[in-house]
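Following: one structure in structure tokens, then a few remarks.
Protein chains: 2
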Amino acid sequence: MSNQQEIPARTVYIVSDGTGITAEALARSVLSQFNLSYARIHIPFVDNIEKARSAKRQIQEEYNRTGLLPIVFSTLVIPELVSVLREARALHLDVIQTFVEPLRMELGIAPKQEIGLSHQNMESTEYKNRIEAINFTLAHDDGQSNKELEEADIILVGVSRSGKTPTSLYLAMQYGLKVANYPLIPEDFERGRLPSALERHKNKLFGLTIQPERLSEVRHERRPNSRYASLENCRYEVSEAEGMMNLEKIRYLSSTSKSIEEIATAILSDMRAFSGPAQEKPPV
Amino acid sequence: MSNQQEIPARTVYIVSDGTGITAEALARSVLSQFNLSYARIHIPFVDNIEKARSAKRQIQEEYNRTGLLPIVFSTLVIPELVSVLREARALHLDVIQTFVEPLRMELGIAPKQEIGLSHQNMESTEYKNRIEAINFTLAHDDGQSNKELEEADIILVGVSRSGKTPTSLYLAMQYGLKVANYPLIPEDFERGRLPSALERHKNKLFGLTIQPERLSEVRHERRPNSRYASLENCRYEVSEAEGMMNLEKIRYLSSTSKSIEEIATAILSDMRAFSGPAQEKPPV
Numbered sequence: 466m467s468n469q470q471e472i473p474a475r476t477v478y479i480v481s482d483g484t485g486i487t488a489e490a491l492a493r494s495v496l497s498q499f500n501l502s503y504a505r506i507h508i509p510f511v512d513n514i515e516k517a518r519s520a521k522r523q524i525q526e527e528y529n530r531t532g533l534l535p536i537v538f539s540t541l542v543i544p545e546l547v548s549v550l551r552e553a554r555a556l557h558l559d560v561i562q563t564f565v566e567p568l569r570m571e572l573g574i575a576p577k578q579e580i581g582l583s584h585q586n587m588e589s590t591e592y593k594n595r596i597e598a599i600n601f602t603l604a605h606d607d608g609q610s611n612k613e614l615e616e617a618d619i620i621l622v623g624v625s626r627s628g629k630t631p632t633s634l635y636l637a638m639q640y641g642l643k644v645a646n647y648p649l650i651p652e653d654f655e656r657g658r659l660p661s662a663l664e665r666h667k668n669k670l671f672g673l674t675i676q677p678e679r680l681s682e683v684r685h686e687r688r689p690n691s692r693y694a695s696l697e698n699c700r701y702e703v704s705e706a707e708g709m710m711n712l713e714k715i716r717y718l719s720s721t722s723k724s725i726e727e728i729a730t731a732i733l734s735d736m737r738a739f740s741g742p743a744q745e746k747p748p749v
Numbered sequence: 466m467s468n469q470q471e472i473p474a475r476t477v478y479i480v481s482d483g484t485g486i487t488a489e490a491l492a493r494s495v496l497s498q499f500n501l502s503y504a505r506i507h508i509p510f511v512d513n514i515e516k517a518r519s520a521k522r523q524i525q526e527e528y529n530r531t532g533l534l535p536i537v538f539s540t541l542v543i544p545e546l547v548s549v550l551r552e553a554r555a556l557h558l559d560v561i562q563t564f565v566e567p568l569r570m571e572l573g574i575a576p577k578q579e580i581g582l583s584h585q586n587m588e589s590t591e592y593k594n595r596i597e598a599i600n601f602t603l604a605h606d607d608g609q610s611n612k613e614l615e616e617a618d619i620i621l622v623g624v625s626r627s628g629k630t631p632t633s634l635y636l637a638m639q640y641g642l643k644v645a646n647y648p649l650i651p652e653d654f655e656r657g658r659l660p661s662a663l664e665r666h667k668n669k670l671f672g673l674t675i676q677p678e679r680l681s682e683v684r685h686e687r688r689p690n691s692r693y694a695s696l697e698n699c700r701y702e703v704s705e706a707e708g709m710m711n712l713e714k715i716r717y718l719s720s721t722s723k724s725i726e727e728i729a730t731a732i733l734s735d736m737r738a739f740s741g742p743a744q745e746k747p748p749v
């Protein structure tokens with residue numbers, strides 16, 4: 466099966482007193498370093514002894530059934546729940562406890578051991594800002610509205626299908642930023658100028674570009690065999706858009722081989738580098 | 466300042482060979498357990514020796530300046546880069562390495578030590594599915610379209626402002642799920658039936674409800690002093706919507722005190738519980 470060694474499949478449990486989203490992301494990163502096939506079982510909201518016992522039983526049964534140690538990534542902040550879970554025979558990777566202990570030593574203060582402290586509920590200001598950012602971003606997708614652009618934190622520009630919409634939504638969702646996005650279209654290239662609504666907001670503009678070959682593939686999936694998707698047209702649009710961004714001194718990056726998260730992170734790094742060690746909005 | 470002990474502020478560094486999003490989420494969770502004020506500095510894309518040296522210098526200078534150990538959460542998979550970073554005087558919390566070692570021991574296989582393995586680029590199938598899911602979800606927000614509902618993975622229903630839109634987008638973005646959402650409106654209550662487009666898709670429906678008091682607050686922010694936002698009307702709509710969901714046997718949960726992530730996780734747990742230990746789409 467594997468091209469290195471044949472390793473029996475393992476069961477990986479993600480056990481959390483919250484959503485388990487952080488534990489899940491970490492488990493994926495760590496496990497991607499091994500050539501291992503595994504099934505993943507997600508047990509969220511383990512916030513009392515009874516649920517911890519139920520998780521423990523489930524894990525123990527898996528061990529009994531297979532004779533292989535299940536792999537358990539857990540984010541539990543209450544030591545009693547950790548103790549219960551640890552009664553199951555498994556490889557226990559305590560994502561929170563592992564780092565709380567050295568911090569306790571270094572800081573000389575006791576951890577709070579309370580569930581849900583990193584959690585934002587619907588009444589917090591950060592949460593409201595985030596919902597407002599999502600609504601703003603939806604209302605300003607694809608140049609839909611020129612209103613309230615002064616409220617935007619970032620305005621993305623680029624040719625159609627260069628990745629503006631998912632990047633905008635990710636920035637709104639993850640960082641609570643209000644992100645408008647505007648397509649650069651053939652009419653703009655003919656006039657040789659940015660859409661006029663954007664002229665006053667040049668300091669907020671950030672561009673996305675993309676390899677013409679890749680753009681053509683993406684557009685063919687949408688509109689097969691159209692002029693819009695043709696490689697010739699994609700080359701023309703990308704070249705014009707890059708020329709315009711260079712002329713207008715708009716910073717830009719290529720989305721070609723990047724994930725949404727990488728594009729978003731690169732934009733934020735770049736904008737911070739240009740605005741100095743700025744007030745960074747925390748991720749939410 | 467603090468209501469327990471006064472602790473000097475620390476600088477927390479997030480150093481990653483990728484976006485650092487996982488390290489950042491983990492750092493927030495762990496640090497929320499301490500009554501600590503801190504500044505956070507994000508150093509992403511540290512994927513070669515030179516960048517690792519630059520990060521090391523920056524951290525060392527912070528120590529030299531303050532005499533306090535900076536706190537470093539790092540996700541670096543290449544041991545040489547870890548070694549360079551560790552030359553800085555700091556409290557080093559190696560998020561990946563800490564868990565790779567016990568896994569190596571248990572599995573008896575060597576880690577790959579390659580950057581970007583958990584990363585999806587624009588050419589991967591998962592990535593394409595995710596972008597398609599985001600586009601589908603945008604096109605099916607707020608009952609905009611009845612087309613292609615058979616392609617939907619989930620259809621959320623609930624009164625206006627119960628949290629359907631951000632939850633739908635989160636599920637699409639994070640899990641690559643195609644999520645449509647439909648408002649339940651007074652016309653539906655008068656007819657006493659679900660919107661007709663949804664009848665055929667009852668197995669995909671999931672409801673959101675909300676406390677009328679909270680709904681009224683949220684609606685007042687949008688349309689102050691409107692009948693739409695009045696507590697009386699909110700009570701009527703919520704009561705009718707819950708009645709309809711009970712009658713139609715649609716599972717639902719209250720979004721009142723939950724974050725988007727918690728709502729999304731709870732929906733997925735519930736749907737999995739009802740569909741058995743199903744093919745779980747991996748998070749992306």
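Chains A and B, in that order, give the protein sequences. Okay, so the first sequence: first residue is 466 according to my numbering, each after it adds one. Okay, so the second sequence: first residue is 466 according to my numbering, each after it adds one. Even for Gly, the Cβ is constructed at its ideal location relative to N, Cα and C.
Identify which residue in A:L670, A:K593, A:S502, A:R551 has its Cα closest to the Cα of B:I574. Start at 1 with the first residue of the second sequence, and residue 574 of chain B comes out as number 109. Comparing Cα-Cα distances from B:I574 to each of A:L670, A:K593, A:S502, A:R551, the minimum goes to A:S502.
Candidates B:A490, B:S481, B:A504, B:I715: closest to B:P473 by CA position: Indexing the second sequence from 1 puts residue 473 of chain B at position 8. Per the C-alpha coordinates, the member of B:A490, B:S481, B:A504, B:I715 positioned closest to B:P473 is B:A504.
At the level of alpha carbons, what is the spacing between B:I580 and B:G483? Taking the first residue of the second sequence as position 1, residue 580 of chain B is located at position 115. Taking the first residue of the second sequence as position 1, residue 483 of chain B is located at position 18. Straight-line Cα distance between these residues: approximately 8 Å.
Classify A:A504 as helix, strand or coil using the three-state DSSP reduction. Residue 504 of chain A sits at position 39 when you count from the first residue of the first sequence. Reduced to three states, the DSSP call for A:A504 is strand.
Excluding the 5 residues flanking A:L541 on each side, which residues of the same chain have their C-beta closer than 6 Å to its C-beta? Translated into the one-based positions of the first sequence, residue 541 of chain A becomes position 76. Contacts found: D482, V547.
Under 8 Å by Cβ, that's how I've got A:K669 and A:E713 pegged, so tell me the actual separation to the nearest angstrom. Position 204 of the first sequence, counting from 1, holds the residue named residue 669 of chain A. Position 248 of the first sequence, counting from 1, holds the residue named residue 713 of chain A. With 8 Å as the limit, A:K669 and A:E713 do not qualify as a contact, their Cβ atoms being about 13 Å apart.
Assign A:I596 to buried or exposed, taking buried as 16 or more other Cβ atoms, counted over all protein chains shown, within 10 Å of its Cβ. Locating residue 596 of chain A in the first sequence gives position 131, counting from the first residue. Classification for A:I596: buried.
Can you grab the Cα-Cα spacing for the pair B:L582 / A:S661, in whole Å? Counting from one through the second sequence, the residue named residue 582 of chain B turns up at place 117. Counting from one through the first sequence, the residue named residue 661 of chain A turns up at place 196. The straight-line gap from Cα to Cα measures roughly 42 Å.
Interface partners of A:A490 on chain B, CB under 7 Å: The sequence position of residue 490 of chain A within the first sequence is 25, counting from 1. What A:A490 touches in chain B: T487, A490.
Pick helix, strand or coil for B:D559, following the three-state DSSP scheme. Here residue 559 of chain B refers to the residue found at position 94 of the second sequence. Three-state DSSP puts B:D559 in a strand.
Determine the chain B residues that contact A:N500 at a beta-carbon separation under 8 Å, and present them in chain order. The residue given as residue 500 of chain A occupies position 35 in the first sequence. Chain B residues near A:N500: I574, K577.
Closer than 8 Å, CB to CB, is B:R530 near chain A or not? If you number the second sequence from 1, residue 530 of chain B lands on position 65. Chain A contact via Cβ: absent.
Which residues does DSSP pair with B:S724 in a beta bridge? Along the second sequence, read from residue 1 onward, the residue named residue 724 of chain B stands at position 259. Its beta-bridge partners do not exist; DSSP assigns none.
Leaving out the 5 sequence neighbours to the left and right, which residues in its chain are closer than 7 Å to B:V560 when beta-carbon positions are compared? Residue numbering aside, residue 560 of chain B sits at position 95 when the second sequence is read from its first letter. Closer than 7 Å at Cβ, skipping near neighbours: A488, L491, F538, S539, T540.
Mind checking the stretch 630-655 of chain B against chain A and listing, in chain order, the residues whose C-beta falls within less than 8 Å of any C-beta there? T630, P631, L634, Y635, M638, Q639
Local conformation of B:R475 per DSSP, three classes: Here the question's residue 475 of chain B lines up with position 10 in the second sequence. Strand.
Secondary structure of A:S661, DSSP reduced to three states: By one-based count along the first sequence, residue 661 of chain A stands at place 196. Of the three classes helix, strand and coil, the one that applies to A:S661 here is helix, per DSSP.
With the cut-off set at 8 Å, would you say B:P535 and B:I524 are in Cβ contact? By one-based count along the second sequence, residue 535 of chain B stands at place 70. By one-based count along the second sequence, residue 524 of chain B stands at place 59. Yes, they are a contact pair.
Below 8 Å on the Cβ atoms is my contact criterion, and I expect B:G672 with B:G623 to pass it. Report the Cβ-Cβ distance as a whole number of Å. Position 207 of the second sequence, counting from 1, holds the residue named residue 672 of chain B. Position 158 of the second sequence, counting from 1, holds the residue named residue 623 of chain B. That pair is a contact at about 6 Å.
With the cut-off set at 8 Å, would you say B:L642 and B:D607 are in Cβ contact? Against the second sequence, residue 642 of chain B aligns to sequence position 177. Against the second sequence, residue 607 of chain B aligns to sequence position 142. No, Cβ-Cβ distance for B:L642 and B:D607 is not below 8 Å.
Have a look at A:R569, A:S695, A:D653, A:P689 and flag the residue whose alpha-carbon is nearest the alpha-carbon of B:L496. Walking along the second sequence from the start, residue 496 of chain B turns up at place 31. That would be A:R569, whose Cα lies nearest to the Cα of B:L496.
Is there a C-beta anywhere in chain B that falls below 8 Å from the one on A:T484? Taking the first residue of the first sequence as position 1, residue 484 of chain A is located at position 19. Judged by the 8 Å Cβ criterion, A:T484 is in contact with chain B.
First and last residue of the alpha helix (DSSP H) that includes B:I596? The residue you call residue 596 of chain B lines up with position 131 of the second sequence. Start and end: 590-604.
Taking 8 Å as the threshold (C-beta atoms), are B:A729 and B:T630 in contact? Within the second sequence, the letter at position 165 stands for residue 630 of chain B. Within the second sequence, the letter at position 264 stands for residue 729 of chain B. No, the Cβ-Cβ distance between B:T630 and B:A729 is not below 8 Å.
Tell me the DSSP secondary structure of A:L550 in three-state form. Within the first sequence, residue 550 of chain A is the residue found at index 85, counting from 1. The three-state reading of DSSP puts A:L550 in helix, counting H, G and I together.
Cβ atoms of A:L634 and B:I599: under 8 Å apart, would you say? Here residue 599 of chain B refers to the residue found at position 134 of the second sequence. Here residue 634 of chain A refers to the residue found at position 169 of the first sequence. Taking 8 Å as the Cβ cut-off, B:I599 and A:L634 qualify as a contacting pair.
Spatial neighbours of A:F499 within its chain, please: C-beta separation below 6 Å, excluding the five flanking residues on both sides. Residue numbering aside, residue 499 of chain A sits at position 34 when the first sequence is read from its first letter. There are no such residues.
Start and end residues, beta strand (DSSP E) containing A:I619: For this step, residue 619 of chain A is matched to residue 154 along the first sequence. Taken as a continuous stretch (DSSP letters only), the beta strand (DSSP E) holding A:I619 covers 619-623.
Contact criterion: CB-CB distance below 8 Å. Does A:R716 meet it with respect to chain B? Counted from its first residue, the first sequence places residue 716 of chain A at position 251. Closer than 8 Å: no.
Chain-order list of residues whose beta-carbon lies under 6 Å from that of B:N594 (same chain, five-residue window excluded): Against the second sequence, residue 594 of chain B aligns to sequence position 129. Residues G641 of the same chain have their beta carbon placed closer than 6 Å to that of B:N594, with the five preceding and five following residues left out of the count.
Would you say A:I732 reaches chain B, if we count a Cβ-Cβ gap shorter than 8 Å as a contact? Counting from one through the first sequence, the residue named residue 732 of chain A turns up at place 267. It does not: the Cβ of A:I732 has no partner Cβ on chain B nearer than 8 Å.
Return the CA-CA distance between B:S681 and B:R493, expressed in angstroms with no decimal places. For the purposes of this step, residue 681 of chain B is identified with residue 216 of the second sequence, where counting begins at 1. For the purposes of this step, residue 493 of chain B is identified with residue 28 of the second sequence, where counting begins at 1. Each residue's alpha carbon lies about 32 Å from the other.
What residue from B:R518, B:E591, B:R554, B:E515 has the CA that sits closest to B:T476's CA? What you label residue 476 of chain B is simply residue 11 of the second sequence in a count that begins at 1. The residue with the shortest Cα to Cα distance from B:T476 is B:R554.
Would you kindly work out how many angstroms separate the C-alpha atoms of A:R716 and A:E527, rounded to a whole number? For the purposes of this step, residue 716 of chain A is taken as the residue at position 251 of the first sequence. For the purposes of this step, residue 527 of chain A is taken as the residue at position 62 of the first sequence. The alpha-carbon atoms of A:R716 and A:E527 are separated by roughly 53 Å.
Residue nearest to B:S625 in terms of C-alpha spacing, selected from B:A706, B:L614, B:Y592, B:N690: As a first step, residue 625 of chain B must be located in the second sequence, where it is residue number 160. Cα-wise, what sits closest to B:S625 is B:A706.
Relative to the alpha-carbon of A:P677, which residue among A:Q609, A:V549, A:P689, A:S704 has its alpha-carbon at the smallest distance? Numbered from its first residue, the first sequence carries residue 677 of chain A at position 212. Measuring from the Cα of A:P677, the nearest candidate turns out to be A:S704.
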